[in-house]
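Undergrad: Structure below; questions to follow.
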Amino acid sequence: MLCLLSAGVFRPSVVRDFPGTGQLLWQGDKAVLYVLQQRKGYRMPYLAWPVALVFSWTYDRVSWPTTIFDLTPDSVARHDFANLSYRDLIGLGDYASSGTERWTGERFEPHHEAVPDSYGYNATTGTLSLSSREYSDVDGWSRRYVSIPESGDRAIEFTLGGRPARLRVSRFSGGAAIDLDRGGNRPVERLWMSSTRLRWLSAAEYDTLMREGRAWGS
């Protein structure tokens, strides 16, 4: 009886990351890679897990971990955000999707410059419609949509400092990864990797990891 009571009351904490999407922009000797994931947290009594597995996953909280990489021919700077949600980076200072913020290389900050019509800015609604739009050499900027394949890998070609470079986006059992190949004698560099397996956490670890997330139904 005590075991059944404990199973009905004790609530293990589990998180799972889902494969991300992203954007790559480049101009001259710099590039910006933006990778977004969805992370769901599950916290429910042991006795509820069989029902959740059979019918659906009812998550407790959800967040959008985001990583932004500033790339040059010789360096990589990584910036991690626990819950940034989706933005469109479009070049010209790397504007964000609202048309009112730009990426500075460390953070997003407000700006008051007009976004050119060539980027799909709607002056009436004040929004951009660029979630998967690609372009080449618009005011010197080019953009590619980065999607994680269902399996295997795909390559995204671009230039960095006038030289050919490549992102290799791969999906494998239990995870996904993005590698940077600058060509020449430079070794291929692992930029980003994520596991899609369930992770069992302590209550304190779960609260720390998901504290910036949004509660289910909110």
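Taking my numbering, the leading residue of the sequence shown gets 833, the next gets one more, and so forth.
Glycine included, every Cβ here is placed at the ideal spot set by N, Cα and C.
For clarity, every value in this text was computed on a predicted model and none was experimentally measured.
1. Would the beta-carbon of residue 921 fall within 8 Å of that of residue 864?
2. Let me know if residue 946 comes out buried or exposed under the rule of 16 or more other beta-carbons within 10 Å of its beta-carbon.
3. I need the straight-line Cα distance from residue 886 to residue 857, nearest angstrom please.
4. Per DSSP, residue 909 forms a beta bridge with which residues?
5. Beta carbon of residue 1039, beta carbon of residue 1022: below 8 Å?
6. At which residues does the beta strand (DSSP E) containing residue 991 begin and terminate?
7. Around the C-beta of residue 906, are 16 or more other C-beta atoms found within 10 angstroms, so that it is buried, or is it exposed?
8. Look up residue 926 in the DSSP assignment and say whether it is helix, strand or coil.
9. What three-state label does DSSP hand residue 853 in the structure shown?
10. Determine the closest residue to residue 852 out of 898, 844 and 873, with distance taken between C-alpha atoms.
11. Using the rule of at least 16 other Cβ atoms within 10 Å of the residue's Cβ for burial, across every protein chain shown, is residue 1032 buried or exposed?
12. Can you list, in chain order, the residues of its chain whose CB lies under 7 Å from that of residue 966, leaving out five sequence neighbours each side?
13. In angstroms with no decimal places, state the Cα-to-Cα distance between residue 1030 and residue 933.
14. Out of curiosity, what's the CA-to-CA distance linking residue 1004 and residue 983?
15. So the candidates are 872, 900, 845 and 896; which of them puts its Cα closest to the Cα of residue 917?
16. Report the option in 1000, 992, 991 and 1026 whose CA atom is closest to the CA atom of residue 1008.
17. Please report the straight-line C-alpha distance between residue 859 and residue 972, rounded to a whole angstrom.
18. Could you work out which residue in 861, 870, 1034 and 996 is closest to residue 908 when comparing CA atoms only?
19. Following the continuous beta strand (DSSP E) through residue 1038, name the residue where it begins and the one where it ends.
TA: According to the structure data:
1. yes
2. exposed
3. Interpretation of residue 886 is limited by its pLDDT of 45, a score under 50 that renders its predicted location unreliable; the figure taken from the coordinates is listed afterwards. If you take the alpha carbons of residue 886 and residue 857, they lie about 42 Å apart.
4. 902
5. no
6. 984 to 992
7. exposed
8. coil
9. strand
10. 898
11. exposed
12. 975, 976 and 977
13. 35 Å
14. 6 Å
15. 896
16. 1026
17. 6 Å
18. 861
19. It is not in any beta strand (DSSP E) - residue 1038 instead sits in the alpha helix (DSSP H) that spans 1035 to 1042.
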